[in-house]
DNA sequence: ATGTCGCGTGTGACGCGA
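In my numbering, the protein residues as written are 3 to 256.
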C-alpha cells in the first residue's frame with residue numbers, strides 16, 4: 003500500500019501535473035493541500051476518470067484539502083473535531099483499514115504575529131484530536147504540509163532561521179508532542195542523503211541552489227511502524243514547468 | 001539580488017499570503 007501527500011499550491015493550476023503524477027505513481031491514497039478552490043469548483047470528474055474516489059474541503063483563495071483514494075474512504079471528517087476553524091485545513095478518512103489524516107498546518111508568518119498564535123492553538127487542537135483518533139484507530143497516518151522543519155538537518159541554513167517560523171523551538175516542541183502520542187516520522191526510519199528537503203522557495207532560485215526545508219511529513223502510528231517499507235520525497239515534479247513549490251512525499255506500507 | 005507564484009479584483013497593475 004502506498005500513501006502520498008502533496009501541497010499543490012492551487013489545484014486549478016496543478017491538476018494536469020497531479021493527474022500525470024498519479025499515472026506514474028498509482029498510489030492507493032493521496033492527500034492534497036492548498037487546493038485553493040471552493041467546493042463547487044473541485045475537479046471531481048477528472049479525478050474520477052483517473053480512477054480515484056475523492057473527498058474535498060475548500061474555500062476561496064487560500065487553504066483547501068482533498069483526499070483521493072482507490073477504494074472509497076469511510077468515516078470522512080473535515081477539519082479538527084473540537085477545534086473551531088474558519089480555514090479549510092484537514093480532511094480525514096479510513097482507507098483500506100488505515101485512518102488517513104491529511105493536513106495543511108498553518109504557516110505562522112512570524113513568531114510575533116497573530117497567525118503564529120493561531121498556529122499554536124491549531125497545533126494544540128490537532129494534538130488533542132489526534133489522541134482520540136489514535137484510541138479509535140491503531141493504524142493511523144498523519145501526513146501533509148506541517149510547515150515545521152523538525153530538526154536543524156531539515157533546514158538548509160539553521161542559523162538564518164533562528165527567530166523565524168518553521169524552525170522555532172515552539173513549533174518543534176509541537177512536532178515532538180505529536181510523536182509522543184505514539185507516532186513515527188516515516189522518513190527518518192531510513193537513511194537519506196543530507197540536505198534532503200520537500201519545499202523550496204520560488205524566490206532566489208531556491209530549488210536550483212537546494213535552499214529548502216523538509217516540512218512535508220508522513221507520521222505513522224506505532225502499530226504501522228513495522229509495515230513501513232520505504233518513505234521518499236519525489237523531487238521530479240519540482241522540475242516541471244510551473245511547479246508547485248512543494249514535492250510529494252510517498253510512504254510504502256507492506 | 002526581494003532572482004517567485006497564485007488569487008482576487010476586475011481587465012490590468014496591485015495587495016496579500018506563502
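For every residue, glycine included, the Cβ atom is placed at its ideal position computed from N, Cα and C. This structure is a prediction, so every number in the text was calculated from the model and none was measured.
Residues near residue 157 in its chain [Cβ-Cβ closer than 6 Å; skip 5 each side]
What you label residue 157 is simply residue 155 of the first chain in a count that begins at 1. For residue 157, where only same-chain residues beyond five positions count, the Cβ hits under 6 Å are 151, 163, 169, 215.
Compute the Euclidean distance between the alpha carbons of residue 27 and residue 202, then round it to the nearest angstrom.
Stepping through the first chain from its first residue, residue 27 is reached at position 25. Stepping through the first chain from its first residue, residue 202 is reached at position 200. Cα to Cα, residue 27 sits roughly 22 Å from residue 202.
Let me know if residue 139 comes out buried or exposed under the rule of 16 or more other beta-carbons within 10 Å of its beta-carbon.
Here residue 139 refers to the residue found at position 137 when the first chain is read from its first residue. Residue 139 comes out buried.
Here's a check: name, in chain order, each residue in its chain whose Cβ is nearer than 8 Å to the Cβ of residue 113, leaving out the five neighbours to either side.
Counting from one through the first chain, the residue named residue 113 turns up at place 111. Taking C-beta separations shorter than 8 Å and ignoring five residues to either side along the sequence, the partners of residue 113 in its chain run 165, 166, 167, 170, 172, following chain order.
Work out the CA separation of residue 16 and residue 40 for me, nearest whole Å.
As a first step, residue 40 must be located in the first chain, where it is residue number 38. As a first step, residue 16 must be located in the first chain, where it is residue number 14. Using only the alpha carbons, I get a separation of about 15 Å.
Which one or two residues does DSSP pair with residue 169 in a beta bridge?
Position 167 of the first chain, counted from the first residue, corresponds to residue 169. Under DSSP, residue 169 shares a beta bridge with no residue.
Would you grab the beta carbon distance between residue 218 and residue 200 for me? Rounded to a whole angstrom, and I think it's under 8 Å.
Mapped onto the first chain, residue 218 falls at position 216. Mapped onto the first chain, residue 200 falls at position 198. Rounded to whole angstroms, the Cβ separation of residue 218 and residue 200 is 4 Å, and the two are in contact under 8 Å.
Using three-state DSSP, classify residue 144 as helix, strand or coil.
Residue mapping note: residue 144 aligns to position 142 of the first chain, counting from 1. It is a strand residue.
Tell me the residue span of the beta strand (DSSP E) that contains residue 84.
The sequence position of residue 84 within the first chain is 82, counting from 1. From DSSP, residue 84 is part of no beta strand (DSSP E); its letter is neither H nor E.
Which same chain residues end up closer than 6 Å to residue 55 when comparing Cβ atoms and leaving out the 5 residues on each side of it in sequence?
Against the first chain, residue 55 aligns to sequence position 53. Sequence-distant Cβ neighbours of residue 55 in its own chain, meaning closer than 6 Å and more than five residues away, are 71, 74.
When the distance is taken between beta carbons, is residue 107 closer than 8 Å to residue 149?
Within the first chain, numbered from 1, the residue matching residue 149 stands at position 147. Within the first chain, numbered from 1, the residue matching residue 107 stands at position 105. Less than 8 Å separates the beta-carbon of residue 149 from that of residue 107.
Where do the ends of the alpha helix (DSSP H) carrying residue 3 lie?
By 1-based counting over the first chain, the position of residue 3 is 1. Residue 3 -> no alpha helix (DSSP H), and no H or E assigned at all.
Given this structure, state the Cα-to-Cα distance separating residue 20 from residue 134, to the nearest angstrom.
Translated into positions along the first chain, residue 20 becomes position 18. Translated into positions along the first chain, residue 134 becomes position 132. Whole-angstrom Cα-Cα distance: 32 Å.
Given that a residue counts as buried once 16 or more other Cβ atoms are within 10 Å of its Cβ, and exposed if not, what is residue 81?
To locate residue 81, count along the first chain from 1; it is residue 79. Label assigned to residue 81: buried.
Could you tell me whether the Cβ atoms of residue 84 and residue 53 are closer together than 8 Å?
Here residue 84 is taken as the residue at index 82 of the first chain, counted from 1. Here residue 53 is taken as the residue at index 51 of the first chain, counted from 1. Contact flag unset, no.
Between 141, 142, 147, which has its C-alpha nearest residue 125's C-alpha?
Taking the first chain and counting its residues from 1, the one referred to as residue 125 is at position 123. The residue with the shortest Cα to Cα distance from residue 125 is 147.
Could you tell me which of 153, 161, 185 sits nearest to residue 174, measuring between CA atoms?
Residue 174 sits at position 172 when you count from the first residue of the first chain. It is 153.
According to DSSP, is residue 103 part of a helix, a strand, or is it coil?
By 1-based counting over the first chain, the position of residue 103 is 101. Three-state DSSP puts residue 103 in a strand.
Hey, quick one: how far does the beta strand (DSSP E) through residue 32 stretch, first residue to last?
Indexing the first chain from 1 puts residue 32 at position 30. Element bounds for residue 32: 31 to 35.
Using the rule of at least 16 other Cβ atoms within 10 Å of the residue's Cβ for burial, across every protein chain shown, is residue 36 buried or exposed?
Within the first chain, the letter at position 34 stands for residue 36. So residue 36 ends up on the buried side.
Going by beta carbon distance, what residues of the same chain come within less than 7 Å of residue 256, once the five residues before and after it are set aside?
Taking the first residue of the first chain as position 1, residue 256 is located at position 254. Setting aside the 5 residues that flank it on each side, residue 256 is surrounded in the same chain by 229, 231, each with a C-beta closer than 7 Å to its C-beta; the list follows chain order.
State the DSSP-derived secondary structure class of residue 212, mapped to helix, strand or coil.
Locating residue 212 in the first chain gives position 210, where the first residue counts as 1. In the structure shown, residue 212 adopts coil according to DSSP, grouped into three states.
Taking Cβ to Cβ, would you say residue 6 is nearer than 8 Å to residue 97?
Counting from one through the first chain, the residue named residue 6 turns up at place 4. Counting from one through the first chain, the residue named residue 97 turns up at place 95. No, the Cβ-Cβ distance between residue 6 and residue 97 is not below 8 Å.
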